[in-house]
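Data first, discussion second: the structure below is written as structure tokens.
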Amino acid sequence: VFHVVDYDGELTESDEMSPKWFAVEDIPYAQMWRDDEEWYPFFLKDMCFRAFLLFRGTESMLGCTMEEVSPKDLESYEDWGKAWRR
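Under my numbering, the letters of the sequence shown match residues 1299 to 1384, in that order.
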């Protein structure tokens, strides 16, 4: 995931996406991966967060837990492992 606030150059399409700019209020969540609507608001507010997203396959999200954390909480890889074992 990349957070870009300014860009100079030409956007290039890839196999995975056709890059486009959207105003925050116009983000097309219905056309995106199911979990994006859950974590994007944290990301767009520049918050540090942990997420646990449980899927069946790629389309069916069975559960989601999001929590804001301090940057210090995410300093080590071990902290990420703790989040997944909850």
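Glycine included, each C-beta is placed from N, C-alpha and C at the ideal position. Quick caveat, the model's predicted, so the values are computed rather than measured.
- request: Pick helix, strand or coil for L1309, following the three-state DSSP scheme.
  value: One-based indexing of the sequence shown puts residue 1309 at position 11. Coil at L1309, not helix or strand.
message: Let's test the definition: count the other Cβ atoms within 10 Å of the Cβ of R1348 and tell me whether it reaches 16, buried, or not, exposed.
response: Stepping through the sequence shown from its first residue, residue 1348 is reached at position 50. By the Cβ neighbour-count rule, R1348 is buried, with 16 or more other Cβ atoms within 10 Å of its own.
Reference E1314, options K1370, W1331, D1304 and E1335, closest by Cα: Sequence index remark: in the sequence shown, residue 1314 carries index 16 (1-based). The option with the nearest alpha carbon to E1314 is W1331.
query: Whose C-alpha, out of T1356, P1326 and V1322, is nearest the C-alpha of H1301?
result: Locating residue 1301 in the sequence shown gives position 3, where the first residue counts as 1. Nearest of T1356, P1326 and V1322 to H1301, Cα basis: V1322.
- prompt: For the candidate residues E1311, F1353 and K1343, whose alpha-carbon lies nearest to that of T1363?
  reply: Walking along the sequence shown from the start, residue 1363 turns up at place 65. Out of E1311, F1353 and K1343, the CA that lies nearest to the CA of T1363 is found in F1353.
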